[in-house]
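Q: In the order they appear, the protein sequences are chains A and B. All residue numbers for the first sequence refer to our numbering, where the first residue is 411 and numbers rise by one. All residue numbers for the second sequence refer to our numbering, where the first residue is 45 and numbers rise by one. Think of the CB as a built atom: it goes at the ideal place given N, C-alpha and C, for glycine as much as any other residue. None of the values given here were measured: they were computed from a predicted structure.
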Amino acid sequence: MKTRAIKKQLAGLACAAAMTLSGFSNAEMMERSFCVFDPIGANGPLFNIMKTAKPSALGWGVNLDLRAYTDEKVAAEDFKAGQCDAVLLTGTRAREFNRFTGTLEAMGAIPGDEEMNLLLQTLNQPKAAALLTQGEFEVAGILPAGAVYLFIRDRNLDSVEELQGKKIATLDYDNAALTMVRRVGASVVSANSSNFAGKFNNGNVDVAYAPAVAYTPLELYKGLEPDGGVFNYKLAQMNFQIIIRQDRFPEGYGQLSREYAAGRYEEAYQIIRDAEAEIKDEYWMRPATQKLEGYDKLLREVRMALRDEGAYDSRALTLMRKVRCKTNPTAGECVENLE
Amino acid sequence: MSPYFLRFSSAILHWVCPVRRWFSAKHAAVLATTLALAGCGATRNVMYKTTGDVMVSFAQEHQTPFVLSTDDVSMNCGMSEALAPMLMSFGRVRDEPHSLAVMIYGSAGMCAESRALNEELRYMRAIRDQDPAEAEDALIAQKRFNTLAAKRNYEAYQHLVAQYGEPGGACPELEEDYDEFIWMMGMIAGLQALNNEIASGAGLGVPKNIAAKVERSAACVDDDKWWGAPMAIRATVWSMLPGAEPKGENASMRLAAAAKKGERAGVRLAHVFQALAAYGKGDMDAVKQVIRAHAKSKANKEAPPEARLLDELATTMLTGLSDRMWTEHTGHRTPMGALGRFWDDKKQTTAETVDLSDIL
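Pasting the structure below:
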């Protein structure tokens, strides 16, 4: 009798071990909704990338039900209201769910791809998980979308001082952008991702800012003709973030998802490189190094002001300063340590 | 058609150049003169060019209208894949047959899309069965076919550009109905190339501004003549490309009007665009409504003989969308005869019965 009981226990253990090794049993599979913002919808590139993640998520015990949103605001609201268990948003929109990662789009904080990569890899370490969790929300992946550039209708306008009084299409839900535009003395023309290109191409604004991936699809070259230019200075690094409600997913899901996202970086960088190469060489405006240093300083002041106002997370700014100092250790800011 | 032409042209060449056959003095004189003037290679080239001219003209004047009057989408697909290299090879001895290439590469693109759809359905079933390895494999296969479809559709679009100039600016001179038709098909191939490229996840170099250019260029052809399809194309771009919708316009209303136009004509291509726009927005109820309307209209009105293939193509594409939805919810594609019906439809209880209460 005793032997039979032990055999039964062993069989149970073997069964459990087999289930663990083979992944998750059907009974354990979680059905979870994932609201994906893609400006093009279910046929768009972001939705497609998230669809590609489904088999991996299945292996982690989650069957994702993907829903396309063409309006980012609605996606964020549905997520907040509990109608989505996970959401994909731009870094700026994600700020309300995680101030730390929401600060990664801070102006002038990441000067290039090398620094962006270093930053993302740093955040993918398991020990960074604490920074990626805020209340019930966890950032389960960050995907780079490329640098944001200034698109200018008149290339004679080639310094920040000359932006004074000029109309800039500004995302009105982004406090940081509003602060920056006011700081340089320009006037805010309220815009969103659907209408900024039209305003720029029609001449309703003098300046717009966007990542290179928007250039060809939205035909921003039309606004650049005949005398415009693209200011070759990386204003910020746009990114997309996957935010999950931690209690709705298995333990460790966030880390697995972040590692999956990390596996897609090269694909994302290639898309960005291709998009930047589509901007004709003659459109690029290359400011002098001396001026660039001035802009770096100006943007740093704005970042610190926004940090003091509570819009930016000070830990994120410190981390990004460390990243900059790793690639450029002789910079003055590496001694000043103001961020 | 093609084997006869090949045999015919081959026979002529063997007759003229190897000079192994018996031929008359008159033939010999002509041949000798020709060879003396131009040499055997040149004669071959003349023959090749003539054959190419005949082939291409025949394909435009007879093959295209004939194919459009058939309703076998699958056979058209096979024909396009098989004939494309042969027809395009005539571009070596005469002008490239660009307008024909728009049709033939566009159709070949649809073959690859159809295979991609089958892989997508396999992916969906694997997700339902909670089989990650199978799902991943199906996804990879789907991407491969989408890559192929993107290349073919982009090739079709490039031939459109070569024939009529870059879309997006002033309208080209589209002299005949045939040119208008090719223009419209080229627009569709361009949009499909973009969609396929996105679905493939590969950077194939399809220009991302095709959608914006197509939106303007679809207006170059008469909307009434082409069953509402041109406006449907434009409105679909409005609904997908941020900020593309002009002020005062409403994509959904335009799509609904285009769909009605297509229904009245019996060439219901506009339904496809209406459904794709709704699918892109994730509005599955609207997609269902379009498929229902298509099935109902199809049952009530036959397609005109000259455009049966296009109407059938619309049905095939909508069946593909329906299959996606059915598979996601039930694990299998649309059952036979069930296009326009869905797994969660309430069962009709209108069947007449006899009261059984007094005999029970």
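#1: Strictly below 8 angstroms CB to CB, what residues from chain B border glutamine 665(A)?
#2: When we look at the beta-carbon of proline 536(A) and count the other beta-carbons within 10 Å, is it buried (16 or more) or exposed?
#3: The alpha helix (DSSP H) spanning isoleucine 232(B) covers which residue range?
#4: Does the CB of proline 47(B) have a neighbour CB from chain A at under 9 angstroms?
#5: How far does the beta strand (DSSP E) with lysine 644(A) in it reach, from first residue to last?
#6: Could you tell me the distance, in whole angstroms, from the CA atom of serine 296(B) to the CA atom of phenylalanine 489(A)?
#7: Tell me which same chain residues have a C-beta within less than 7 angstroms of the C-beta of tyrosine 167(B), skipping the five on either side of it?
#8: Candidates Glu140(B), Ala256(B), Leu218(B): which alpha carbon is nearest isoleucine 232(B)'s?
#9: Anyone know if the C-beta pair for glycine 454(A) and alanine 491(A) falls short of 9 angstroms?
#10: For alanine 330(B), which of Met380(B), Met228(B), Ser366(B), Ser341(B) has the nearest alpha-carbon?
#11: Less than 8 angstroms between the CB atoms is what I'm expecting for glutamate 743(A) and arginine 710(A), so what's the real figure, rounded?
#12: Taking just the CA atoms, how far does glutamate 629(A) sit from glutamine 236(B)?
#13: Could you have a look at phenylalanine 561(A) and say whether DSSP puts it in helix, strand or coil?
#14: Buried or exposed: which applies to methionine 99(B), given that a residue is buried once 16 or more other Cβ atoms fall within 10 Å of its Cβ?
#15: Going by Cα to Cα distance, which pick from Ala496(A), Arg731(A), Gly704(A), Val745(A) is closest to valine 446(A)?
#16: Using the Cα positions of lysine 93(B) and phenylalanine 134(B), report the straight-line distance between them to the nearest angstrom.
#17: For the alpha helix (DSSP H) holding alanine 170(B), just list the boundary residues, first then last.
#18: Inspect the beta-carbon positions of leucine 357(B) and serine 113(B) and report whether they are closer than 9 angstroms.
#19: Take methionine 369(B) and list the residues in its own chain whose beta-carbon comes closer than 8 angstroms to its own, dropping the five residues that flank it on each side.
#20: Count the other CB atoms, across all protein chains shown, that sit within 10 Å of the CB of lysine 291(B); report buried if there are 16 or more and exposed otherwise.
#21: Please go through the same chain and pick out, in chain order, the residues whose beta-carbon is closer than 8 angstroms to the beta-carbon of aspartate 389(B), but skip the five residues on each side of it.
#22: For the candidate residues Asp718(A), Ser569(A), Thr532(A), whose alpha-carbon lies nearest to that of glutamate 703(A)?
#23: Within 10 Å of its beta-carbon, does methionine 380(B) have 16 or more other beta-carbons around it, so buried, or fewer, so exposed?
#24: Excluding sequence positions up to five away, which residues of its chain have a Cβ less than 8 angstroms from the Cβ of leucine 530(A)?
#25: For valine 745(A), which three-state DSSP category applies?
#26: What's the C-alpha gap between alanine 607(A) and glutamate 635(A)?
#27: Starting from tyrosine 614(A), find everything on chain B with Cβ-Cβ shorter than 8 angstroms and list it in chain order.
#28: Could you spell out where the alpha helix (DSSP H) holding arginine 592(A) opens and where it closes?
#29: Rounded to whole angstroms, what's the CA-CA distance from serine 37(B) to glycine 639(A)? Just pull it up for me.
#30: Any beta carbon of chain A sitting closer than 9 angstroms to that of glycine 375(B)?
#31: State the start and end residues of the unbroken alpha helix (DSSP H) segment that holds arginine 710(A).
#32: Comparing the C-beta of arginine 65(B) with each C-beta of chain A, is any distance below 9 angstroms?
A: Result, derived from the coordinates:
#1: In the first sequence, the residue the question calls residue 665(A) occupies position 255. Neighbours of glutamine 665(A) on chain B: none; closest Cβ ~18 angstroms, over 8 angstroms.
#2: Indexing the first sequence from 1 puts residue 536(A) at position 126. Proline 536(A) is exposed by the Cβ-count criterion.
#3: For the purposes of this step, residue 232(B) is taken as the residue at position 188 of the second sequence. Run containing isoleucine 232(B): 221-244, per the alpha helix (DSSP H) assignment.
#4: As a first step, residue 47(B) must be located in the second sequence, where it is residue number 3. Residue placement at proline 47(B) cannot be trusted, given a pLDDT of 47 that sits under 50; what the coordinates show is reported in the next sentence. Put simply, the CB of proline 47(B) is far from chain A, with every gap to its CB atoms at 9 angstroms or more.
#5: The residue labelled residue 644(A) in the question sits at position 234 within the first sequence. Boundaries of the beta strand (DSSP E) harbouring lysine 644(A): 639-655, taken from the DSSP string.
#6: Start at 1 with the first residue of the second sequence, and residue 296(B) comes out as number 252. Start at 1 with the first residue of the first sequence, and residue 489(A) comes out as number 79. Approximately 26 angstroms, taken between the alpha carbons.
#7: As a working mapping, residue 167(B) is identified with position 123 in the second sequence. Ala179, Ala182, Leu183, Gln186, listed in sequence order.
#8: Along the second sequence, read from residue 1 onward, the residue named residue 232(B) stands at position 188. In terms of Cα proximity to isoleucine 232(B), the closest of Glu140(B), Ala256(B), Leu218(B) is Ala256(B).
#9: To locate residue 454(A), count along the first sequence from 1; it is residue 44. To locate residue 491(A), count along the first sequence from 1; it is residue 81. For the 9 angstroms CB-CB criterion, glycine 454(A) and alanine 491(A) do not form a contact.
#10: Mapped onto the second sequence, residue 330(B) falls at position 286. With distances taken between Cα atoms, alanine 330(B) lies closest to Ser366(B).
#11: Here the question's residue 743(A) lines up with position 333 in the first sequence. Here the question's residue 710(A) lines up with position 300 in the first sequence. For a cut-off of 8 angstroms, the C-beta gap from glutamate 743(A) to arginine 710(A) is around 7 angstroms, short enough to register as a contact.
#12: Mapped onto the second sequence, residue 236(B) falls at position 192. Mapped onto the first sequence, residue 629(A) falls at position 219. Glutamine 236(B) and glutamate 629(A): Cα-Cα distance of roughly 19 angstroms.
#13: Within the first sequence, the letter at position 151 stands for residue 561(A). Residue state for phenylalanine 561(A) is assigned as strand, using DSSP reduced to three classes.
#14: For this step, residue 99(B) is matched to residue 55 along the second sequence. Per the 10 Å Cβ criterion, buried.
#15: Here the question's residue 446(A) lines up with position 36 in the first sequence. Looking at the Cα atoms, Ala496(A) is the closest of the given residues.
#16: Looking up residue 93(B) in the second sequence gives position 49. Looking up residue 134(B) in the second sequence gives position 90. In this structure, the straight-line span from the alpha carbon of lysine 93(B) to that of phenylalanine 134(B) is close to 7 angstroms.
#17: Locating residue 170(B) in the second sequence gives position 126, counting from the first residue. It spans 142-172 - the alpha helix (DSSP H) in which alanine 170(B) sits, taken as one unbroken run.
#18: Mapped onto the second sequence, residue 357(B) falls at position 313. Mapped onto the second sequence, residue 113(B) falls at position 69. No; because the gap between Cβ atoms is not below 9 angstroms, this pair is not in contact.
#19: By one-based count along the second sequence, residue 369(B) stands at place 325. Correct list, in chain order: Met328, Val331, Lys332, Phe386.
#20: Residue numbering aside, residue 291(B) sits at position 247 when the second sequence is read from its first letter. Exposed, by the Cβ-count rule.
#21: If you number the second sequence from 1, residue 389(B) lands on position 345. Excluding residues within five positions, none has a Cβ falling inside 8 angstroms.
#22: Within the first sequence, residue 703(A) is the residue found at index 293, counting from 1. With distances taken between Cα atoms, glutamate 703(A) lies closest to Ser569(A).
#23: For the purposes of this step, residue 380(B) is identified with residue 336 of the second sequence, where counting begins at 1. With fewer than 16 other Cβ atoms within 10 Å, it is exposed.
#24: Here residue 530(A) refers to the residue found at position 120 of the first sequence. Closer than 8 angstroms at Cβ, skipping near neighbours: Ile552, Pro554, Ala672, Tyr675.
#25: Position 335 of the first sequence holds residue 745(A). Valine 745(A) falls in the helix class under three-state DSSP.
#26: Numbered from 1 along the first sequence, position 197 holds the residue referred to as residue 607(A). Numbered from 1 along the first sequence, position 225 holds the residue referred to as residue 635(A). Near 14 angstroms, if we compare the C-alpha coordinates of glutamate 635(A) and alanine 607(A).
#27: Against the first sequence, residue 614(A) aligns to sequence position 204. Tyrosine is not the amino acid found at residue 614(A); the sequence shown has asparagine there. Ordered by position in chain B, no residue passes the 8 angstroms Cβ test against asparagine 614(A), which lies about 12 angstroms from the chain.
#28: As a first step, residue 592(A) must be located in the first sequence, where it is residue number 182. Element bounds for arginine 592(A): 585-593.
#29: The structure shown has nothing for residue 37(B), since chain B only spans 45 to 404.
#30: Here residue 375(B) refers to the residue found at position 331 when the second sequence is read from its first residue. Taking Cβ atoms only, chain A never reaches closer than 9 angstroms to glycine 375(B), which makes this a no.
#31: Taking the first residue of the first sequence as position 1, residue 710(A) is located at position 300. That run of the alpha helix (DSSP H) goes 699-719.
#32: In the second sequence, the residue the question calls residue 65(B) occupies position 21. Confidence in arginine 65(B) is poor, its pLDDT being 48 and thus under 50, which makes the residue's placement too unreliable to answer from.
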